[in-house]
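So the structure is just underneath, and the comments pick up after that.
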Amino acid sequence: LMFPLISSLPELRQAKMILRDVMEDLDEAGVDYNPNVQVGMMVEVPSVAIRADEFAKEVDFFSIGTNDLIQYTLAADRTDPLVAKYYNAADPAVLLLILKVIAGAEQAQIPVTVCGQMSSDPKYLPLLLGMGIRQISVTPHAVPTLKDMIRRLTIEEAESIFSRVRTFETARDIDLFLKKEHDRLLESEEGAPALAQSH
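Numbering (our numbering), first residue to last: 1 to 199.
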């Protein structure tokens, strides 16, 4: 079970309380259900990403919703032609927030997944792997392309790409670098599977 668009700890705790109330109602009604269901949350707003270590103590897993996280971080709606040009997954501020979420999840020893357009774009796959992401949620049509990219990449390469990305100050420079790395990997022979090396 995953709570969407949580923006504060009281909001999360209220949602969990409602869930407990529903479980009690099911118990009283004699309805079978899984009382040990995993409870997680979407990380979609900066107020949560900044305090990810605190939220991680309250849930069983995170899922980073990159579409909304980017929009709320950069005040740029990708569907609005007036501001869509400012919407960029490679913005350093967005990447810093994703890093904070990963660090918070690691500290609490809970899994973290990335979803949204960013996770389905093969250009960003090496970056996400280099940042420490090991689970992504993608659209079905993106699976073959991402699978091919993973076969061409090692964790060490992904970490090296991320290290380079951290030296750039603008989304434009990061985008250009990731595009070059994407093209280079497509021209390379298949290496050791990146995800297999994460264990």
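Note that CB positions come from ideal geometry on N, CA and C, so glycine has one too.
Quick caveat: nothing in here was measured; it's all calculated off a predicted structure.
**Study point:** Sequence-distant residues of the same chain with beta carbon closer than 6 Å to Ala15, five excluded per side
**Key:** Position 15 of the sequence shown holds residue 15. Non-local beta-carbon contacts of Ala15 in its own chain, meaning distances under 6 Å to residues more than five positions away in sequence, involve Phe3 in chain order.
Practice item. Please report the residue range of the beta strand (DSSP E) in which Gly30 lies. Key: In the sequence shown, residue 30 corresponds to position 30, counting from 1. For Gly30, no beta strand (DSSP E) encloses it, and the DSSP letter there is neither H nor E.
**Study point:** Three-state secondary structure (DSSP) of Val48
**Key:** Residue 48 sits at position 48 when you count from the first residue of the sequence shown. The answer is helix: DSSP assigns Val48 an H, G or I state.
Review point. Distance, Cα to Cα, Tyr33 vs Leu146?
Key: As a working note, residue 33 is residue 33 in the sequence shown. As a working note, residue 146 is residue 146 in the sequence shown. Rounded to the nearest whole angstrom, the C-alpha separation of Tyr33 and Leu146 is 36 Å.
Review point. What's the C-alpha gap between Val101 and Thr167?
Key: On the sequence shown, residue 101 is found 101 positions in, with the first residue counted as 1. On the sequence shown, residue 167 is found 167 positions in, with the first residue counted as 1. Between Val101 and Thr167, the C-alpha separation is close to 20 Å.
Review point. Among all the DSSP beta bridges, which residues are the ones paired with Thr170?
Key: Counting from one through the sequence shown, the residue named residue 170 turns up at place 170. Its beta-bridge partners do not exist; DSSP assigns none.
Practice item. Locate the beta strand (DSSP E) running through Ser188, then write down its first and last residues. Key: Reading the sequence shown from its first residue, position 188 is the one you call residue 188. For Ser188, there is no enclosing beta strand (DSSP E), as DSSP gives it neither H nor E.
**Study point:** Start-end ranges of the beta strand (DSSP E) lying completely within the region 80-161, minimum 3 residues
**Key:** Listed in chain order, the complete beta strand (DSSP E) runs (minimum 3 residues) inside the region 80-161 are 112-115.
Practice item. Output the distance between the C-alpha atoms of Phe62 and Ala105, rounded to the nearest integer angstrom. Key: Within the sequence shown, residue 62 is the residue found at index 62, counting from 1. Within the sequence shown, residue 105 is the residue found at index 105, counting from 1. Rounded to the nearest angstrom, the two C-alpha atoms are 7 Å apart.
Exercise for review: Could you tell me whether the region 69-89 touches the region 37-56, using the rule of 3 or more Cβ pairs below 8 Å?
Suggested key: The region 69-89, when compared against the region 37-56, does touch it at the 8 Å Cβ threshold.
Exercise for review: Below 7 Å CB to CB, which residues in the same chain sit around Glu181 once its five sequence neighbours on both sides are set aside?
Suggested key: Within the sequence shown, the letter at position 181 stands for residue 181. Excluding sequence neighbours, Glu181 sits near Pro126, Ile161.
Check your understanding: Using CA coordinates, which residue listed in Ile98, Arg51, Val59, Arg20 is at the minimum distance from Met41?
Key -> What you label residue 41 is simply residue 41 of the sequence shown in a count that begins at 1. The candidate whose alpha carbon is nearest that of Met41 is Val59.
Check your understanding: Cβ atoms of Leu19 and Val39: under 8 Å apart, would you say?
Key -> Here residue 39 is taken as the residue at index 39 of the sequence shown, counted from 1. Here residue 19 is taken as the residue at index 19 of the sequence shown, counted from 1. Between Val39 and Leu19, the CB-CB gap stays under 8 Å.
Check your understanding: How would you call Arg13, buried or exposed, if buried means at least 16 neighbouring beta carbons within 10 angstroms?
Key -> Start at 1 with the first residue of the sequence shown, and residue 13 comes out as number 13. Classified as exposed, Arg13 has fewer than 16 neighbouring CB atoms from the shown chains inside 10 Å of its CB.
Check your understanding: Count the other CB atoms within 10 Å of the CB of Glu156; is the residue buried (16 or more) or exposed (fewer)?
Key -> Residue numbering aside, residue 156 sits at position 156 when the sequence shown is read from its first letter. Exposed, by the Cβ-count rule.
Practice item. Compute the Euclidean distance between the alpha carbons of Arg172 and His141, then round it to the nearest angstrom. Key: As a first step, residue 172 must be located in the sequence shown, where it is residue number 172. As a first step, residue 141 must be located in the sequence shown, where it is residue number 141. C-alpha separation (whole angstroms): 27 Å.
Exercise for review: With DSSP as the reference, please indicate the residues paired to Ile64 in a beta bridge.
Suggested key: Your numbering for residue 64 matches position 64 in the sequence shown. DSSP output for Ile64 lists Val43, Val114 as bridge partner(s).
Exercise for review: May I ask you to report which of helix, strand or coil DSSP gives His182?
Suggested key: For this step, residue 182 is matched to residue 182 along the sequence shown. His182: helix per DSSP, three-state reduction.
Practice item. For Ile174, I'd like the list of residues in its chain whose CB is within less than 6 Å of its CB, leaving aside the five on either flank, ordered along the chain. Key: On the sequence shown, position 174 is the one that residue 174 refers to. Result list for Ile174: Ala90, Val165, Phe168, in chain order.
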